[in-house]
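One structure is given here, and the rest of the page talks about it.
Protein chains: 4
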Amino acid sequence: MPHTSNPAGTPDTTPKPRRRDAKQTRERLVRAALELFTSQGYHASTTPQVARRAGVAEGTIYRHFTSKEQLLNDIYRGAVRVFTQVVRETPSKASCREHMMDIAVRWGEVAATDAALVKLVFVAPPTSLLDDASRKAHEEMRLELEKVVASGKSSGEVRAGPAYLWTDVWLQLVRLMLERVATREWATQHSAPKQVIDSAWDSIAAAKGVRSAPQPSEASLPVGR
Amino acid sequence: MPHTSNPAGTPDTTPKPRRRDAKQTRERLVRAALELFTSQGYHASTTPQVARRAGVAEGTIYRHFTSKEQLLNDIYRGAVRVFTQVVRETPSKASCREHMMDIAVRWGEVAATDAALVKLVFVAPPTSLLDDASRKAHEEMRLELEKVVASGKSSGEVRAGPAYLWTDVWLQLVRLMLERVATREWATQHSAPKQVIDSAWDSIAAAKGVRSAPQPSEASLPVGR
Amino acid sequence: MPHTSNPAGTPDTTPKPRRRDAKQTRERLVRAALELFTSQGYHASTTPQVARRAGVAEGTIYRHFTSKEQLLNDIYRGAVRVFTQVVRETPSKASCREHMMDIAVRWGEVAATDAALVKLVFVAPPTSLLDDASRKAHEEMRLELEKVVASGKSSGEVRAGPAYLWTDVWLQLVRLMLERVATREWATQHSAPKQVIDSAWDSIAAAKGVRSAPQPSEASLPVGR
Amino acid sequence: MPHTSNPAGTPDTTPKPRRRDAKQTRERLVRAALELFTSQGYHASTTPQVARRAGVAEGTIYRHFTSKEQLLNDIYRGAVRVFTQVVRETPSKASCREHMMDIAVRWGEVAATDAALVKLVFVAPPTSLLDDASRKAHEEMRLELEKVVASGKSSGEVRAGPAYLWTDVWLQLVRLMLERVATREWATQHSAPKQVIDSAWDSIAAAKGVRSAPQPSEASLPVGR
DNA sequence: TATGAATGAGTGTTCATTCAT
DNA sequence: AATGAATGAACACTCATTCAT
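Chains as they are written, first to last, in our numbering: chain A, 820 to 1044; chain B, 820 to 1044; chain C, 820 to 1044; chain D, 820 to 1044.
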């Protein structure tokens, strides 16, 4: 065996590879795969690479995941849930606007902390490789957000038009912010993220002044969905 | 599948397909690869698949492109240039707003006509596989657009903040529209594309009282999704 | 061809061929490649052929060698070292002549035992495919031999002229012998090998009688090399 | 068509590629292939390369040769005949020694003039690719030389043992000289070529002085061949 | 649970050869 | 005689997955 690598900073006190419990191994694999998949892409990342980075043997992957594709999906769902959880745990505020800003800011913090998560879910989701469960998990996140938007609609803060549309519009702009934060092009404390979050709200907000007048009923919307 | 295919309209006078002129073969390859790459992804598309779909032998690919990666980049540049060209050819209007709406609408028409182009450039660009020339071509398009935004800034129509930021913001929302149009979730004549284009402008427009002009009724929204 | 081969003498206790230890597999590959390369040439030998002859899957080659070229070089170096070792282990005699005859004879024995080794190193060395390490290994062998020739020069047994030249001359003739022995055109106990070995010595020996006179200075030799 | 090359120095007066007569084309192909084959090896040289170097289209090769292998063999036979011709045309001298020295010197001149010829015939003959005609041509050359050696035997100048053996021995050493001259390691006017030619003769010459004692009968020779 | 040597179908690419022009 | 686009079998090499240990 040519090179045994000891990743920087790890105080390797045990000469023989420590008896890791299964949980730890699984997590190491998830971490390794997440980093590899988001930095090189799924297809460009090989299972030997994942194993090496996780510090385990090639075969070990298959004790925890039935296939490379399942590994991806497991990771994906975990990543999506992080964002879903944030939406659920962000307390609603007096205004929808404030509420959504909070969510965006917290998501931004996730992006700053764990860029890979953002890349996997928002920047370059491996759409064609996702299974039903993963798609459902993503839809759940979207729905959770849509609830917030919908509440904004009933309070008249959100402009006319279907809530799901404004959810997507808002997401699209927040995605831009997350991407830039994840790639460290923007720091969370800079003005750019805030500007984009603001404009995300503006793009779905009911117009001020005249526009803020009571919205016409949307009951008649024959929106297909 | 019949073993002799006669593409629409071509008066196939030659019984054997040998001796197509080079131009035609190259174009068939580009078309086949574009469709495959955008529907399955680059890595999932194999050279035998590309060749089969183009109706040529595998080796023929390499008479026209030095590698699969170069094929991708050639296609990508071609696709980007289509959008750049639209920006360049769209005449400027009295207002920046109108100008940008025009561009968005024309891009939308491209999306409706040739979905693959949109997918390649906006929906899932193969970022990590692009060479310098391709990146430059993309940057050119962005810059062309930025000029328009900048002119809007000087006329006071665009909100405070750097022009490149608002370019990206606008692009982000137009991207949503293009994606939905490309996937046929939205038709160009529907209201959703228009709504998103509007909100794209709103998200970068300087906040005015003027904007609050009476909106047309939304009652007719036949938004597909 | 039976689907389970049991190479001579191996007490095949395991019914399925999986889990051979690495050493064995590598050696089988080396053997297979050596035979193929020397009988058909490097380019005419394909990796499927090598694998089949070694009784392993094609991919297995690449667990032991990084490329077909590296496989060749590994084999080449191993072969060269056999001859180098013989030179090193042959004890020097009273006369240089005797010493070199010994070496030639032992080399001849190697040729009789393992013809492929001779073909690879002397008959048709794959010169343009050798890497630096391989070239160095070959040079080492030559140098080891040159030492012997040099000692013959100082004792006056070897004719005037540079030692490296006579080394090459001697090698050239011994090469003829090795080739014929390797191809079984000559058996080691026949007179032809002996005759050639004799003439190899004669071609570099100082002349008897008249020629054994004190050697002229070699200062004037403008031999390019 | 990307690049049209105009090989150095050719005063390309005719704008369209000159109407070459067949003879000329064939010769250009032979020359190009000879150079390529001897510098890179047969397998490493591709037919497109040969065609490009000859300044003709790929398909043109097959108007003059039925296959790449036949091209090689045609070239090989031509090369061998050059050396055969030299042997035939070198007038015999008073002594066999002088005669053979003459031949060696003339061959050396060929090597200096046209290194590729020597490489193809002596340094790295493509043994496994030669057809019967080529092998026969080579044998013819050898036989022509053997005649000279045989005449040396009957005059007592050549040592005891079969003429064909001494022919091979002599060839082996002359081959060394030719190789070095061909690679420009040695110039023909240097002493090394001469030294090696001398020693080539010595290795097959009957011993002078003491060694010139009556030769033992050759009846006992059990030389395999 | 973990290992890692082995697998073999599949990849992108090459190239000697053909043939309509 | 000459062209060069097209061919397709073959190539070296990869990698997700298996399984004896």
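Beta carbons are placed, not taken as given, at the ideal position from N, Cα and C, and that holds for glycine.
Cross-chain neighbours of residue i in chain B, by beta carbon under 7 Å
i: Q889/A; result: Near Q889/A there are no residues of chain B at all, since even the closest Cβ is about 17 Å away, more than 7 Å.
i: S1018/A; result: V988, S1022, I1023
Residue from the options whose Cα sits closest to the Cα of residue i
i: L997/C; options: C915/C, A943/C, A852/C, T885/C; result: A943/C
i: W989/C; options: G897/C, E917/C, V968/C; result: V968/C
i: L1045/C; options: R850/C, E1004/C, V906/C, L891/C; result: Nothing about residue 1045/C can be reported from this structure: the residues present for chain C run from 820 to 1044 only.
i: R1003/C; options: L949/C, P981/C, D933/C, E976/C; result: D933/C
i: D950/D; options: T866/D, N892/D, P1012/D; result: N892/D
i: F941/D; options: H1009/D, R900/D, S1018/D; result: R900/D
i: A1011/C; options: K972/C, G971/C, V924/C; result: V924/C
i: I894/D; options: E959/D, L936/D, A1019/D; result: L936/D
i: E888/D; options: V875/D, G874/D, K966/D, V869/D; result: V869/D
i: L890/C; options: K842/C, T866/C, E959/C, V977/C; result: T866/C
i: Q859/B; options: A930/A, A931/A, D1017/A, L948/A; result: L948/A
i: A913/B; options: R882/B, G975/B, A876/B; result: G975/B
i: E908/C; options: Q991/C, L848/C, L964/C; result: L964/C
i: A898/A; options: S911/A, V849/A, T844/A, P910/A; result: V849/A
i: Q843/C; options: A863/C, I880/C, E854/C; result: I880/C
Partners in chain B for residue i, counting only beta-carbon separations shorter than 8 Å
i: L992/A; result: V988, Q991, L992, S1022
i: S947/A; result: Q859, G860, A863
Cβ-based burial, residue i [other Cβ within 10 Å; buried from 16]
i: T823/D; result: Because the pLDDT at T823/D is just 39, under 50, the model does not fix this residue reliably, and the point stays unresolved.
i: K955/A; result: exposed
i: R837/B; result: With a pLDDT of only 47 at R837/B, under the threshold of 50, the placement of this residue in the model should not be trusted, and no figure is reported.
i: H957/C; result: buried
i: T1083/A; result: The requested residue 1083/A does not occur in the structure, where chain A is confined to residues 820 to 1044.
i: D927/A; result: Per the sequence shown, the amino acid found at residue 927/A is Gly instead of Asp. G927/A should be labelled buried.
i: T885/D; result: exposed
i: P918/B; result: Position check: residue 918/B holds His in this sequence, whereas Pro was assumed. So H918/B counts as buried.
i: A1024/B; result: buried
i: Y861/B; result: buried
i: C915/D; result: buried
i: K938/A; result: buried
i: E846/C; result: exposed
i: M994/D; result: Contrary to the premise, residue 994/D reads as Arg rather than Met in this sequence. With 16 or more Cβ atoms within 10 Å of its Cβ, R994/D is classed as buried.
i: P1035/B; result: Below a pLDDT of 50, predicted positions are generally treated as unreliable, and P1035/B, at 41, falls in that range; no measurement from the model is reported.
i: P945/D; result: buried
i: A1019/C; result: buried
i: S973/A; result: exposed
Interface partners of residue i on chain D, CB under 7 Å
i: L984/C; result: A1011, Q1014
Under 7 Å from the C-beta of residue i: neighbouring residues of chain C
i: L995/D; result: D987, V988, Q991
i: Q868/D; result: None at all; the shortest Cβ gap to chain C is about 15 Å.
Interface partners of residue i on chain A, CB under 8 Å
i: S886/B; result: Under the 8 Å cutoff, chain A gives no residues; its nearest Cβ is about 15 Å from S886/B.
Within chain B, the residues that residue i reaches when beta carbons sit closer than 9 Å
i: H957/A; result: None at all; the shortest Cβ gap to chain B is about 15 Å.
task = Only counting runs of 4 or more residues, tell me where the alpha helix (DSSP H) segments fall wholly within the region 894-955 of chain B, in order along the chain.
result = 915-932, 934-937
ask   = What are the complete alpha helix (DSSP H) segments, minimum 4 residues, inside the region 947-1032 of chain B?
value = 951-973, 982-1001, 1010-1023
query = Is the region 1003-1017 of chain C touching the region 970-982 of chain C, taking contact as three or more C-beta pairs under 8 Å?
reply = Cβ pair count under 8 Å is below three, so no.
ask   = In chain order, which alpha helix (DSSP H) runs of at least 4 residues are fully inside the region 838-864 of chain A?
value = Assignment of alpha helix (DSSP H) within the region 838-864 of chain A, counting only whole runs of 4 or more residues, yields 841-859 in chain order.
ask   = Which full runs of the alpha helix (DSSP H) of 4+ residues lie inside the region 867-898 of chain A, going along the chain?
value = As far as the region 867-898 of chain A is concerned, its whole alpha helix (DSSP H) runs of at least 4 residues are 880-883.
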